[in-house]
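First to last, the protein sequences are chains H and D.
Going letter by letter, the first sequence gives residues 7 to 279 in this note's numbering.
Going letter by letter, the second sequence gives residues 5 to 155 in this note's numbering.
Report on the following structure.
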Amino acid sequence: MAKTVNLIINGKKIKSSAGSTVLEAAQKEGIYIPTLCHHNALDPEGTCRLCIAEFSGSIRNSIRISCIQEVKEDLVVETETERINKSRRLILELLLGRAPEASAVIDLAAKYGVTKSRFLTGESNDCILCGRCVRVCRDKIGVHALCFVNRGPARKITTAFERLSEYCIGCGACANVCPTGAIKVEDKGDQRKIFTWEQVTARFTLEQCEHCGKPFAPKRYLELINKKAYNPKGLEFVDYICPDCFKQHDRLSDKRREGALRKAVNKWSVPRG
Amino acid sequence: MDLKAVNEILSHFPQGRGNLIGILHEVQNHFSYLPEAELRHISKKIDIPITQIYSVANFYNRFSLTPKGHNQICVCMGTACHVKGSEKIMNELQEKLQIQKGQTTHDLQFSLDEVRCIGACGLAPAVVINEDTHGLVKPKMVGKILSKYKP
Numbered sequence: 007m008a009k010t011v012n013l014i015i016n017g018k019k020i021k022s023s024a025g026s027t028v029l030e031a032a033q034k035e036g037i038y039i040p041t042l043c044h045h046n047a048l049d050p051e052g053t054c055r056l057c058i059a060e061f062s063g064s065i066r067n068s069i070r071i072s073c074i075q076e077v078k079e080d081l082v083v084e085t086e087t088e089r090i091n092k093s094r095r096l097i098l099e100l101l102l103g104r105a106p107e108a109s110a111v112i113d114l115a116a117k118y119g120v121t122k123s124r125f126l127t128g129e130s131n132d133c134i135l136c137g138r139c140v141r142v143c144r145d146k147i148g149v150h151a152l153c154f155v156n157r158g159p160a161r162k163i164t165t166a167f168e169r170l171s172e173y174c175i176g177c178g179a180c181a182n183v184c185p186t187g188a189i190k191v192e193d194k195g196d197q198r199k200i201f202t203w204e205q206v207t208a209r210f211t212l213e214q215c216e217h218c219g220k221p222f223a224p225k226r227y228l229e230l231i232n233k234k235a236y237n238p239k240g241l242e243f244v245d246y247i248c249p250d251c252f253k254q255h256d257r258l259s260d261k262r263r264e265g266a267l268r269k270a271v272n273k274w275s276v277p278r279g
Numbered sequence: 005m006d007l008k009a010v011n012e013i014l015s016h017f018p019q020g021r022g023n024l025i026g027i028l029h030e031v032q033n034h035f036s037y038l039p040e041a042e043l044r045h046i047s048k049k050i051d052i053p054i055t056q057i058y059s060v061a062n063f064y065n066r067f068s069l070t071p072k073g074h075n076q077i078c079v080c081m082g083t084a085c086h087v088k089g090s091e092k093i094m095n096e097l098q099e100k101l102q103i104q105k106g107q108t109t110h111d112l113q114f115s116l117d118e119v120r121c122i123g124a125c126g127l128a129p130a131v132v133i134n135e136d137t138h139g140l141v142k143p144k145m146v147g148k149i150l151s152k153y154k155p
């Protein structure tokens, strides 16, 4: 069993398992800490800086970000002090200056009483460069289609050489985790386009469902799923069935899967002894 | 695509992912820029995704993804040089080379960039060409300096 650590967040005594972050510990106890770049499925990167908190006790008195700070014995954390909220309002103002039309930023800013930004650039870009899309593509999907390029004010999210990506599988995970909707997936008929900052970064023809004939997923995506989930030994076995049909016909597809698995097992099983 | 040169460069480095910047330096020196096909080859060889290499190549000023000239001219635009009239030197260079700052001549002999303070304020206005620093440059000296580097 993991070692437990005792700490205090906002005056509340908390037990948390060693190795988890302060943000995770707080969320588990129902203590709200605002964040835009944190996602439960992804490794923290600490880019939005909104989860700052005042730390004291077993570490030096300081303001740190709670999504990266690990829990420690006798740690004392304050998440909503005047000093923190002042800094947080500035961070929100900066984010709002960059993305004045992103509803996630507007709503969060309004919560802290920030409605105007002194840092408007005249341009509006929904992306806040939190890097969730880059992380999900790199760490979870594992295809490395997106990256950060340039630095400073020119920093942006794009594909290698800013062209249609030859690695993208069209899964749409980047759009799914984007907190502000700066990446969009658009399905029209049997065509899927992925927009990263208005630039088309991937284009796919969707494969048709074997049952209803509805186009539902790009081929590369099905191939990867096939490789990752069903097919550790490189057998040819793809279920081209859309999620709707899969739910309706789950008995049927169970049977299909059983049949195929049996075939696979027969083919690969080695007689013992 | 000059894969022989790239493989030669790769052979200077031990196997592994930790040498990307060193490799890119040598590729930059050899080609005077980072060509796309070669980067893709390196990506396969050292098993680093091309997106990551592209990120690194974009991040550092030392690396360029467009061809740079054989001779790289950097005009210092720091405070002291600015006061001493580096703007005039830049204009003269742009006129002589028929290019704008940030560009490269068609024969790939010269590329012209402006840089921030190079720490030679006593020599203001200063121009660095390749490894040589030219100090106390006057607009009429520009032609003579350039002729040293012409083939």
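Heads up, the beta-carbon is just placed ideally off N, CA and C, and yes, glycines get one too.
According to DSSP, residues forming a beta bridge with residue i
i: H:R209; result: H:K199
i: H:T10; result: H:S23
i: D:N75; result: D:F114
i: D:D136; result: D:I133
i: H:A223; result: H:E213
i: H:L81; result: H:L13 and H:G63
i: H:V41; result: It should be noted that the sequence gives Thr, not Val, for residue 41 of chain H. None; H:T41 has no bridge partner.
i: H:F167; result: Beta-bridge pairing links H:F167 to no other residue.
i: D:C80; result: D:V119
i: D:D51; result: DSSP lists no partner for D:D51.
Of the listed residues the options, nearest to residue i (C-alpha basis)
i: H:A160; options: H:K34, H:Y118 and H:R104; result: H:R104
i: D:L140; options: D:N95, D:I25 and D:S90; result: D:S90
i: H:E86; options: H:I71, H:E76, H:V77 and H:K78; result: H:I71
i: H:V111; options: H:D145, H:D132, H:N91 and H:K92; result: H:D132
i: D:I77; options: D:I52, D:Q107, D:T70 and D:K92; result: D:Q107
i: H:T127; options: H:R144, H:V120, H:C153 and H:L100; result: H:L100
i: H:P221; options: H:Q205, H:Q197 and H:T207; result: H:Q197
i: H:N182; options: H:Y173, H:T202 and H:K194; result: H:T202
i: H:T53; options: H:G36, H:I14 and H:L98; result: H:L98
i: D:D117; options: D:V131, D:T137, D:G126 and D:C125; result: D:V131
i: D:L97; options: D:I46, D:N23, D:S115 and D:L24; result: D:S115
i: H:A24; options: H:A151, H:K9 and H:I14; result: H:K9
i: H:L81; options: H:L102, H:K234 and H:S22; result: H:S22
i: H:H217; options: H:E192, H:Y246 and H:K225; result: H:Y246
i: H:R144; options: H:G119, H:Y173 and H:K162; result: H:Y173
Alpha-carbon spacing of residue i relative to residue j, whole angstroms
i: D:L38; j: D:N11; result: 14 angstroms
i: H:K273; j: H:I74; result: With a pLDDT of 49 at H:K273, under the threshold of 50, the predicted position of this residue should be treated as unreliable, though the coordinate-derived value follows. Going from the Cα of H:K273 to the Cα of H:I74 covers about 47 angstroms.
i: D:C85; j: D:K152; result: 23 angstroms
i: H:L96; j: H:I58; result: 12 angstroms
i: H:E213; j: D:G20; result: 38 angstroms
i: H:V185; j: H:L42; result: For clarity, residue 185 of chain H is Pro in the given sequence; the question names Val instead. Their Cα atoms are separated by approximately 6 angstroms.
i: D:I54; j: D:K48; result: 8 angstroms
i: D:L15; j: D:G26; result: Position check: residue 15 of chain D holds Ser in this sequence, whereas Leu was assumed. Roughly 12 angstroms separates the two Cα atoms.
i: H:V83; j: H:I69; result: 10 angstroms
i: H:I65; j: H:N12; result: 14 angstroms
i: D:L112; j: H:G148; result: 39 angstroms
i: H:R94; j: H:D49; result: 22 angstroms
i: H:P286; j: H:S130; result: Only positions 7 to 279 of chain H appear in the structure, and residue 286 of chain H is not among them; the question remains open.
i: H:S62; j: H:A32; result: 16 angstroms
i: D:A41; j: H:C215; result: 37 angstroms
i: H:V276; j: D:P71; result: Residue placement at H:V276 is poorly supported in this model, since its pLDDT is 46, which falls under 50; the coordinates still yield a value, given next. So the alpha carbons of these two residues sit roughly 57 angstroms apart.
i: D:K92; j: D:I133; result: 17 angstroms
i: H:I175; j: H:G219; result: 21 angstroms
i: H:T27; j: H:E79; result: 12 angstroms
i: H:N67; j: H:E60; result: 7 angstroms
i: D:H74; j: H:V155; result: 26 angstroms
i: D:E99; j: D:D136; result: 22 angstroms
i: D:Q32; j: H:G187; result: 37 angstroms
i: D:V87; j: D:C125; result: 10 angstroms
i: H:K34; j: H:E51; result: 20 angstroms
Cβ neighbour criterion (16 or more within 10 Å) applied to residue i
i: H:F125; result: exposed
i: H:C180; result: buried
i: H:A116; result: exposed
i: H:R157; result: exposed
i: H:A166; result: buried
i: H:A108; result: buried
i: D:K8; result: exposed
i: D:M5; result: exposed
i: D:N62; result: buried
i: D:R66; result: exposed
i: H:R169; result: exposed
i: H:K19; result: exposed
i: D:P155; result: exposed
i: D:Y64; result: exposed
i: H:H150; result: buried
i: H:R89; result: exposed
i: H:R278; result: Because the pLDDT of H:R278 is 41, which lies under 50, any placement of that residue in the model is unreliable, and the number read from its coordinates should be weighed accordingly. That one is exposed.
i: H:V140; result: buried
i: D:P129; result: buried
Self-check item: Cβ contact (3+ pairs, closer than 8 angstroms) linking the stretch 74–84 of chain D and the stretch 121–132 of chain D
Solution: yes
Quiz item: Just checking, does the stretch 136–156 of chain H make contact with the stretch 40–54 of chain H on the three C-beta pairs under 8 angstroms criterion?
Solution: yes
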